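Trainee: As you go down the protein sequences, you meet chains Z and Y in turn. Position 194 of the first sequence, counted from 1, bears residue number 198 in the working numbering, the numbering being contiguous throughout. Position 164 of the second sequence, counted from 1, bears residue number 168 in the working numbering, the numbering being contiguous throughout. Quick reminder that beta carbons are idealized off the backbone N, C-alpha and C, glycines included. These numbers were taken from a predicted model, which means no experiment stands behind them.
2 protein chains.
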Amino acid sequence: MISFDSDSPAPQATLTSAQQELYEWLASYIDSHRHSPSIRQMMEAMGLRSPAPIQSRLRHLQQKGWITWQEGQARTLQLLGGHLQGIPMLGTVAAGGLVEPFDDIQERLDLQPLLDTRGLFALTVNGDSMIAAHIDDGDVVLMEPVNEPSRLKAGTIVAAMVEGRGTTLKHFHRQGAMVRLEAANPAYAPLLIEAEQVAVQGKLVAVWRQV
Amino acid sequence: MISFDSDSPAPQATLTSAQQELYEWLASYIDSHRHSPSIRQMMEAMGLRSPAPIQSRLRHLQQKGWITWQEGQARTLQLLGGHLQGIPMLGTVAAGGLVEPFDDIQERLDLQPLLDTRGLFALTVNGDSMIAAHIDDGDVVLMEPVNEPSRLKAGTIVAAMVEGRGTTLKHFHRQGAMVRLEAANPAYAPLLIEAEQVAVQGKLVAVWRQV
DNA sequence: CAATTAGTGGCACAAATGTACTGACGGTGT
DNA sequence: ACACCGTCAGTACATTTGTGCCACTAATTG
Numbered sequence: 005m006i007s008f009d010s011d012s013p014a015p016q017a018t019l020t021s022a023q024q025e026l027y028e029w030l031a032s033y034i035d036s037h038r039h040s041p042s043i044r045q046m047m048e049a050m051g052l053r054s055p056a057p058i059q060s061r062l063r064h065l066q067q068k069g070w071i072t073w074q075e076g077q078a079r080t081l082q083l084l085g086g087h088l089q090g091i092p093m094l095g096t097v098a099a100g101g102l103v104e105p106f107d108d109i110q111e112r113l114d115l116q117p118l119l120d121t122r123g124l125f126a127l128t129v130n131g132d133s134m135i136a137a138h139i140d141d142g143d144v145v146l147m148e149p150v151n152e153p154s155r156l157k158a159g160t161i162v163a164a165m166v167e168g169r170g171t172t173l174k175h176f177h178r179q180g181a182m183v184r185l186e187a188a189n190p191a192y193a194p195l196l197i198e199a200e201q202v203a204v205q206g207k208l209v210a211v212w213r214q215v
Numbered sequence: 005m006i007s008f009d010s011d012s013p014a015p016q017a018t019l020t021s022a023q024q025e026l027y028e029w030l031a032s033y034i035d036s037h038r039h040s041p042s043i044r045q046m047m048e049a050m051g052l053r054s055p056a057p058i059q060s061r062l063r064h065l066q067q068k069g070w071i072t073w074q075e076g077q078a079r080t081l082q083l084l085g086g087h088l089q090g091i092p093m094l095g096t097v098a099a100g101g102l103v104e105p106f107d108d109i110q111e112r113l114d115l116q117p118l119l120d121t122r123g124l125f126a127l128t129v130n131g132d133s134m135i136a137a138h139i140d141d142g143d144v145v146l147m148e149p150v151n152e153p154s155r156l157k158a159g160t161i162v163a164a165m166v167e168g169r170g171t172t173l174k175h176f177h178r179q180g181a182m183v184r185l186e187a188a189n190p191a192y193a194p195l196l197i198e199a200e201q202v203a204v205q206g207k208l209v210a211v212w213r214q215v
């Protein structure tokens with residue numbers, strides 16, 4: 005559901021101010037327009053009257069590994085230096101003892117395949133019954149639709165709709181012809197319900213918490 | 005750090021098979037190349053010998069609200085209708101009692117602005133010292149670089165590097181000229197260190213857990 | 001059957017566009 | 001002083017590319 009890239013040459017060479025100015029403008033343009041500008045548009049944006057300086061900067065940016073494009077084809081420029089491609093994974097951080105300091109990029113966290121997954125949806129969690137599974141009140145859970153509830157592994161966290169009552173987030177178990185929905189909080193008793201009255205809307209794929 | 009879109013014209017009109025074929029090819033091309041193809045590329049991909057049919061399909065796709073582009077400019081096509089825009093937020097799910105069933109899309113979870121944020125990085129959590137904050141062993145934490153540690157709010161969760169020892173995830177507090185790093189687990193004692201020996205590498209922006 | 005609409009092939013053209021070449025200016029380091 | 005490099009202006013050119021037009025076919029609709 006989530007993938008890692010370990011390629012990405014990781015641009016290191018420093019840029020001249022002109023090169024950096026162009027790169028930053030490119031980043032903002034592409035961010036807002038979702039496609040690359042043409043060389044002459046870059047020229048105007050930089051306040052120049054000739055495409056040659058832009059070509060020069062682009063060549064240098066390419067040599068330093070910040071951008072790339074397809075020769076001869078219009079508006080095919082891509083940024084390589086970082087954002088839009090994913091979030092760099094810098095390594096492991098200790099939550100407990102101390103581990104060695106990290107410095108360079110090991111791999112890249114790419115959320116895009118997740119966004120492409122067909123049918124995925126999200127829900128905001130309301131309540132604390134899953135607190136032992138470290139799903140907190142206010143967290144956003146990403147759910148994948150479930151076609152065949154019969155194939156669910158026992159204990160999978162699902163969003164289940166109980167007939168006529170509502171939807172709830174619980175651990176899913178089968179118990180004979182019944183379905184048992186268990187909270188992850190001793191304060192809540194398990195629900196034991198007939199299978200026909202339970203519709204599993206999706207299973208938990210990821211937990212998202214903004215701070 | 006995270007944003008919601010409620011616009012999205014939501015294309016409704018149905019497509020002919022030729023239109024749908026083109027649209028799907030466009031989606032896959034843009035996904036892999038990160039820029040739009042030219043009309044003649046579409047022509048070849050569709051096995052045609054003339055650009056006119058493509059123009060026709062594009063016009064129809066535009067009228068039906070699936071795509072848009074900037075007139076006269078090469079490769080400026082954008083897809084409007086789809087799954088690359090975000091994850092639909094279907095509402096709230098109870099973790100405790102039961103709430104009303106959800107059915108239609110309320111808003112849209114867009115992770116893209118997060119990917120665009122300059123300098124963001126990710127770390128894999130190793131250990132259980134932040135367990136009371138519901139950050140589990142193996143979770144991925146997204147961190148935003150911190151320029152001025154002096155402005156950090158007390159209690160912010162940070163990745164802090166202690167001179168000569170390593171990096172750790174802790175609650176950040178100031179205590180006179182010292183810095184106190186507190187775990188979220190009673191089994192770990194707070195660290196009290198001189199401010200000069202602590203480098204805050206970033207503050208916690210989000211927690212990500214794949215299941 | 002007639003009318004409408006979408007699709008197709010072929011062609012043409014103007015505009016957009018990437019690229020190359022020349023010359024010049026201003027720094028920087030030798 | 002000299003060479004080197006990045007920057008800039010101006011120009012030129014071949015290609016790419018969006019668009020328009022015409023005629024024909026196929027499917028759909030009334």
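For Ala210 (chain Y), does the three-state DSSP call read helix, strand or coil?
Mentor: Three-state DSSP puts Ala210 (chain Y) in a strand.
Trainee: Does Ala203 (chain Z) come out as helix, strand or coil in the three-state DSSP assignment?
Mentor: Correct three-state label for Ala203 (chain Z): strand.
Trainee: Cα-Cα, which of Y:His64, Y:Ala137 and Y:Val166 is closest to Gln24 (chain Y)?
Mentor: Per the Cα distances, Y:His64.
Trainee: Can you tell which of Z:Trp29, Z:Met147 and Z:Gly180 has its C-alpha closest to the C-alpha of Arg213 (chain Y)?
Mentor: Ranking the options by Cα distance to Arg213 (chain Y), first place goes to Z:Met147.
Trainee: Closer than 8 Å by beta-carbon distance: list the chain Y residues that pair up with Leu208 (chain Z), in chain order.
Mentor: Val215, listed in chain order.
Trainee: Among the residues of its own chain, which have a CB less than 8 Å from the CB of Arg79 (chain Z), if the five just before and after it don't count?
Mentor: Once the five neighbours on either side are set aside, the close Cβ partners of Arg79 (chain Z) are His39, Ser40, Pro41 and Ser42.
Trainee: List the endpoints of the continuous alpha helix (DSSP H) containing Ile139 (chain Y).
Mentor: Taken as a continuous stretch (DSSP letters only), Ile139 (chain Y) belongs to no alpha helix (DSSP H), as it is neither H nor E.
Trainee: State buried or exposed for Asp35 (chain Y), treating a residue as buried only when at least 16 other CB atoms are found within 10 Å of its CB.
Mentor: Result: exposed.
Trainee: Please confirm whether Ser40 (chain Y) has its beta-carbon closer than 8 Å to some beta-carbon of chain Z.
Mentor: Interface residue, yes.
Trainee: Pull up the distance between the alpha-carbon of Ile135 (chain Z) and that of Ala210 (chain Y), whole angstroms please.
Mentor: When rounded, the distance between both Cα atoms is 17 Å.
Trainee: Please list the residues of the region 69 to 85 of chain Z that have a C-beta atom closer than 7 Å to any C-beta atom in chain Y, keeping them in chain order.
Mentor: Per Cβ criterion, the list reads Ala78, Arg79, Thr80 and Gln82.
Trainee: Helix, strand or coil, according to DSSP, for Ala126 (chain Z) in the structure here?
Mentor: Correct three-state label for Ala126 (chain Z): strand.
Trainee: Considering only their Cβ atoms, is the gap separating Asp132 (chain Z) from Asp143 (chain Z) smaller than 8 Å?
Mentor: No. Outside cutoff.
Trainee: Whose CA, out of Z:His177, Z:Ile139, Z:Val204 and Z:Leu208, lies closest to the CA of Gly170 (chain Z)?
Mentor: Checked all of Z:His177, Z:Ile139, Z:Val204 and Z:Leu208; the closest Cα to Gly170 (chain Z) is Z:Val204.
Trainee: Using only the alpha-carbon positions, how far apart do Ala31 (chain Y) and Leu83 (chain Y) sit?
Mentor: Going from the Cα of Ala31 (chain Y) to the Cα of Leu83 (chain Y) covers about 7 Å.
Trainee: Distance cutoff 8 Å, beta carbons only. Does Trp212 (chain Z) sit that close to anything in chain Y?
Mentor: Interface residue, yes.
Trainee: Could you please give the first and the last residue of the uninterrupted beta strand (DSSP E) stretch that includes Gln179 (chain Y)?
Mentor: Per DSSP, Gln179 (chain Y) belongs to the beta strand (DSSP E) from Gly170 to Gln179.
Trainee: Check for me: the alpha helix (DSSP H) holding Ile135 (chain Y) runs from which residue to which?
Mentor: No alpha helix (DSSP H) holds Ile135 (chain Y); DSSP gives it neither H nor E.
Trainee: Quick one, are the C-beta atoms of Leu156 (chain Y) and Lys207 (chain Y) less than 8 Å apart?
Mentor: Yes. Within cutoff.
Trainee: Got a sec? Which residues, its chain only, sit under 6 Å from Trp29 (chain Y) by beta carbon, not counting five neighbours each side?
Mentor: Ala49, listed in sequence order.
Trainee: Looking at the secondary structure, which residues open and close the beta strand (DSSP E) in which Glu228 (chain Y) lies?
Mentor: With chain Y represented from 5 up to 215, any question about residue 228 (chain Y) goes unanswered, as that position is not in the structure.
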